[in-house]
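See below:
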């Protein structure tokens, strides 16, 4: 048991460090190729915080560990809003930029609704005997995955067009993009050989970390008699969300709380469109019972309540709202563990 847990934790550590090295190397290579900081920020840096989830899910999908894939993606999105935004808002009220409210947040909510819609069990709906546990017992198909990847492509070019051809005021005021550009500029390393070396080492660590984390999760689940979906929704999801937590804390230290919110919203959007899209394209992702339906419901609730929290009170998420997010998250964690214990009896 301890060996399996060590393999899981060590694999996750490799995923996080591998993602960091890969991004720094890729940023430097892109800069030397003359790619603009805006493009680097919108692509490489935005990809960086979701690199652990993407690496783990890609390898797990090829192995057929679809429950782990589902748990990692949905659990990461729940942890990003409920745990990370909850903690950061509790430390310091979070300003939310108008551009995030107008663009990224509506897109994240729409994408979450679409994913939940794709996951519905349509035969049960028409027969009228669906419950909260079976209501979402459908699957994310390969066609759904391709649709999500195309959706991200369209959103990416829309963002690029807005930030290239919008007014100077709009470009300068879009702090979410400014934060990505700033991180891109800070991520450059020295020589070209060093950049290539960091990129390759980072890629290797991501592959190795994804392999070890997937194997470790399977062994831990087997030893504890738990489903891989529960392991993904709890341990793996929280661990792979650590880059978002680090970015949010860094934004708090710089007193750029609006970047913290933009980072979480962008990460959740990337997780659904790119990570889940790529995973489903590799292999269909069934929604596990009984934990899958409630997990999708909690993810949807958190996405929806973030809208009034971000829009009201002068576009600030206050400490009280941070407590609400944390309570929802810990309720969900408690419910998940209770479900496991009930099933084991």
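In the numbering used here, the protein residues as written are 15 to 359. Just so you know, even glycine gets a beta-carbon here, dropped at the ideal spot from N, CA and C. On a predicted model such as this, the values are computed, not experimentally measured, just so you know.
Just how far apart, CA to CA, sit residue i and residue j?
{"i": "residue 143", "j": "residue 127", "result": "Per-residue confidence for residue 143 stands at a pLDDT of 48, beneath the threshold of 50, marking its modelled position as unreliable; no derived number is given."}
{"i": "residue 302", "j": "residue 245", "result": "13 Å"}
{"i": "residue 154", "j": "residue 205", "result": "43 Å"}
{"i": "residue 289", "j": "residue 78", "result": "16 Å"}
{"i": "residue 33", "j": "residue 352", "result": "34 Å"}
{"i": "residue 190", "j": "residue 283", "result": "A caution first: residue 190 carries a pLDDT of 47, below 50, which makes its placement in the model too unreliable to give a value."}
{"i": "residue 280", "j": "residue 329", "result": "18 Å"}
{"i": "residue 266", "j": "residue 101", "result": "11 Å"}
{"i": "residue 297", "j": "residue 156", "result": "7 Å"}
{"i": "residue 370", "j": "residue 346", "result": "An answer regarding residue 370 cannot be provided, because it is not within the stretch 15 to 359 covered by the chain."}
{"i": "residue 27", "j": "residue 70", "result": "12 Å"}
{"i": "residue 327", "j": "residue 104", "result": "16 Å"}
{"i": "residue 129", "j": "residue 120", "result": "14 Å"}
{"i": "residue 147", "j": "residue 306", "result": "Confidence at residue 147 is low in this model, with a pLDDT of 49, below 50, so its placement is unreliable and no value can be given for it."}
{"i": "residue 312", "j": "residue 72", "result": "24 Å"}
{"i": "residue 43", "j": "residue 294", "result": "30 Å"}
{"i": "residue 19", "j": "residue 341", "result": "27 Å"}
{"i": "residue 76", "j": "residue 233", "result": "17 Å"}
{"i": "residue 168", "j": "residue 176", "result": "12 Å"}
For residue i, write down the residues that DSSP places opposite it in a beta bridge.
{"i": "residue 153", "result": "300"}
{"i": "residue 331", "result": "108"}
Between the Cα of residue i and the Cα atoms of the options, which residue gives the shortest distance?
{"i": "residue 383", "options": "254, 24, 39", "result": "Coverage of the chain is limited to positions 15 through 359, which leaves residue 383 absent and any answer about it impossible."}
{"i": "residue 231", "options": "116, 80, 47, 344", "result": "80"}
{"i": "residue 133", "options": "75, 286, 274, 102", "result": "286"}
{"i": "residue 292", "options": "162, 274, 332, 235", "result": "162"}
{"i": "residue 115", "options": "318, 45, 237, 324", "result": "324"}
{"i": "residue 272", "options": "356, 20, 112", "result": "112"}
{"i": "residue 250", "options": "207, 17, 25, 16", "result": "25"}
{"i": "residue 354", "options": "35, 239, 122", "result": "239"}
{"i": "residue 22", "options": "235, 208, 166", "result": "235"}
{"i": "residue 37", "options": "66, 17, 15", "result": "66"}
Between residue i and residue j, which are expected to be in contact by the criterion C-beta below 8 Å, what is the C-beta distance as a whole number of angstroms?
{"i": "residue 316", "j": "residue 98", "result": "About 11 Å; that fails the 8 Å criterion."}
{"i": "residue 320", "j": "residue 95", "result": "6 Å"}
{"i": "residue 299", "j": "residue 83", "result": "6 Å"}
{"i": "residue 15", "j": "residue 237", "result": "5 Å"}
{"i": "residue 310", "j": "residue 88", "result": "7 Å"}
Q.
Which complete alpha helix (DSSP H) runs does the region 267–311 hold, if anything under 4 residues is left out?
A. Within the region 267–311, the alpha helix (DSSP H) runs of at least 4 residues that lie entirely inside it are, in chain order, 271–284, 291–296.
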